[in-house]
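>
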Amino acid sequence: MNAHRPHPMMPVSNHDEISEQLAIVDMKAFLGLKIEPCQRLLLEKKVKPNFEAKKGEPARNHQELRKEMEKETSYQAWLTMNSVAQDMMWDAVGTCVDRQIEDLNKKAKIKNPKGSLTTNPGFEVPNYISARDIHRMPGNYHGTYGSEDVRQGALFDRGAVVYQMGRNGGYMNDIRGHTIVSHCFSRWSDIKPLKILDMGCTVGHSTLAIASYFPQAQTFAIDVGEGMLRYAHARAERLNIPVHFSQQNAEETNFPDNEFDLITSSAVLHETSGKALPKIFDECMRILKPGGVMSHLEVPSRMDDMDTWGRIRGDYEIQYNYEPFWKGALTADFHSLAEKSGFKEVTVGFQDATPKAVRGNKNFGGPSKGVHRSWLMISGVK
17 MNAHRPHPMM
27 PVSNHDEISE
37 QLAIVDMKAF
47 LGLKIEPCQR
57 LLLEKKVKPN
67 FEAKKGEPAR
77 NHQELRKEME
87 KETSYQAWLT
97 MNSVAQDMMW
107 DAVGTCVDRQ
117 IEDLNKKAKI
127 KNPKGSLTTN
137 PGFEVPNYIS
147 ARDIHRMPGN
157 YHGTYGSEDV
167 RQGALFDRGA
177 VVYQMGRNGG
187 YMNDIRGHTI
197 VSHCFSRWSD
207 IKPLKILDMG
217 CTVGHSTLAI
227 ASYFPQAQTF
237 AIDVGEGMLR
247 YAHARAERLN
257 IPVHFSQQNA
267 EETNFPDNEF
277 DLITSSAVLH
287 ETSGKALPKI
297 FDECMRILKP
307 GGVMSHLEVP
317 SRMDDMDTWG
327 RIRGDYEIQY
337 NYEPFWKGAL
347 TADFHSLAEK
357 SGFKEVTVGF
367 QDATPKAVRG
377 NKNFGGPSKG
387 VHRSWLMISG
397 VK
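In the numbering used here, each number is its position in the sequence shown, counted from 1, plus 16.
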């Protein structure tokens, strides 16, 4: 398989498109590695000491200092360039996808599929998704442009290549899926689920990685996006991994009680809300079999561990990258939430990222190594 096209559903970039996408990758790297550290220095060397000297006491919280930072031209420029780079990325990828969308829609029509796809024309997308374009992605996770359309999935799949800059498993973007399994192997080295559910699957990046370790299992996956799921189904079939995709809300699914041995999600919880989070945990409890395992992966950051710049940087995600539950997820007491839902053996901690899970590994429980090098895991047993 072509390194730039790991499966037939991946949109192919021509010479000009790949050049533009690589230029955006370089721009985003420059902003993150060169310009952002300057903003930290601006805060620590100028804004914070000047503010506290003028006030005569330490700043009460990071919001006070963020307001002072917003007066600085350098910080204003960084905010603008970050947002523009993100918009440029989606625009470039969208142009690439639209050039070949008819071909992609045709390829998504699978004859004799091994898995399945179930959409719901009357499905109501939860407000925490529909209210804004998360990650500034036009159309968000749920956008659809017809009954046979796969554009949103193609946009997300190709966009992830640029957005992750190769740090999440290259063109497959599946390291988080391998890391979820690695966590399960770390805690339960003999785990052999026969029925798996992946919540918030998008195009199946993590879903297929998880399924690959358990070929004896039936794998199911749900998401709110119709076009996203249509693409995910075609992608899975082209990669010869049977998955049963359906359009559902993780807060309340149509699965019967005691149905699954393993339920997973990959960086999904922070895209929900404070009200949705306990409902999702309750739903996991309901549809897991007795002795079944819940294993959710989340961003490897906790608000209590962040310095002032880290918190200001988090506010950027909320205000400009349209991640409204960012702070809520980073301050959530996942341990208590899981226990309140009835889970036992609950553990919350950091798992080292890996492209290959090994049974009995000892890579869980240490400090966070940062984004893409480790991930927060929330797991428990029914």
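From the three backbone atoms N, C-alpha and C, an ideal C-beta is built for every residue, glycine too.
Computed from a predicted model, the values in this text were never measured in an experiment.
Give the DSSP bridge partners of K378, in chain order.
K378 is not bridged to any residue.
> Work out the CA separation of N270 and F261 for me, nearest whole Å.
If you take the alpha carbons of F261 and N270, they lie about 13 Å apart.
> With DSSP as the reference, identify every bridge partner of G365, one or two as the case may be.
G365 is bridged to M393.
> Given a cut-off of 9 Å, decide if A237 and A248 are closer than it, judged by their beta-carbon atoms.
Contact flag set, yes.
> Can you list, in chain order, the stretches of the alpha helix (DSSP H) that have 4 or more residues and sit fully within the region 140-185?
Listed in chain order, they are 143-146, 167-180.
> Which one or two residues does DSSP pair with M310 in a beta bridge?
Beta-bridge pairing links M310 to I279, G396.
> Could you tell me how far apart the beta carbons of W391 and E314 are, in whole angstroms, since I believe they sit closer than 8 Å?
Yes, they are in contact, since the Cβ atoms of W391 and E314 sit about 7 Å apart, within 8 Å.
> Could you spell out the range, first to last residue, of the alpha helix (DSSP H) harbouring F359?
Premise fails: F359 is in no alpha helix (DSSP H) and is neither H nor E.
> Per DSSP, what kind of secondary structure is I126 in: helix, strand or coil?
Reduced to three states, the DSSP call for I126 is coil.
> Quick check: what's the CA-CA separation for S282 versus Q116?
Each residue's alpha carbon lies about 29 Å from the other.
> Just verifying my parser: in three-state terms, what is the DSSP assignment at D323?
In this structure, D323 counts as coil in the three-state DSSP scheme.
> Tell me where the alpha helix (DSSP H) around T235 begins and ends.
Careful: T235 lies outside any alpha helix (DSSP H), inside the beta strand (DSSP E) at 234-239.
> Pull up the CB-CB distance for D277 and P231, whole angstroms please, since I reckon it's below 8 Å.
That pair is no contact at about 14 Å.
> Nearest-angstrom Cα distance between K130 and A170?
Using only the alpha carbons, I get a separation of about 21 Å.
> Pull up the CB-CB distance for M319 and L285, whole angstroms please, since I reckon it's below 8 Å.
Not confirmed; about 15 Å, so no contact.
> May I have the straight-line CA-CA distance separating A39 from W204, to the nearest angstrom?
Taking the straight line from one Cα to the other gives about 43 Å.
> Leaving out the 5 sequence neighbours to the left and right, which residues in its chain are closer than 6 Å to A19 when beta-carbon positions are compared?
Note on A19: pLDDT 45, under 50, position unreliable in the model; the coordinate value appears next. There are no such residues.
> Closer than 7 Å by C-beta to G307: which residues in its own chain qualify, once you throw out the five before and the five after it? Chain order, please.
Once the five neighbours on either side are set aside, the close Cβ partners of G307 are V397, K398.
> Assuming I207 contacts T235 (C-beta within less than 8 Å), just tell me the rounded distance between them.
Incorrect: roughly 14 Å between the Cβ atoms, too far for contact.
> Which word fits T2, buried or exposed, when buried means at least 16 other C-beta atoms lie within 10 angstroms of its C-beta?
The requested residue 2 is not part of the displayed model; the chain covers only 17 to 398.
> Among all the DSSP beta bridges, which residues are the ones paired with I212?
I212 pairs with T235, L278.
> For F297, name the three-state secondary structure that DSSP assigns.
It is helical.
> Using a Cβ distance threshold of 8 Å, determine whether the region 324-334 contacts the region 297-312, with at least three qualifying pairs required.
Cβ pair count under 8 Å is below three, so no.
> In or out: G182 buried (at least 16 other Cβ within 10 Å) or exposed?
Flag for G182 reads exposed.
> From the DSSP secondary-structure annotation, give me the bridge partner or partners of Q263.
For Q263, which the question treats as bridged, DSSP gives the partners D239.
> State the DSSP-derived secondary structure class of L133, mapped to helix, strand or coil.
L133 falls in the strand class under three-state DSSP.
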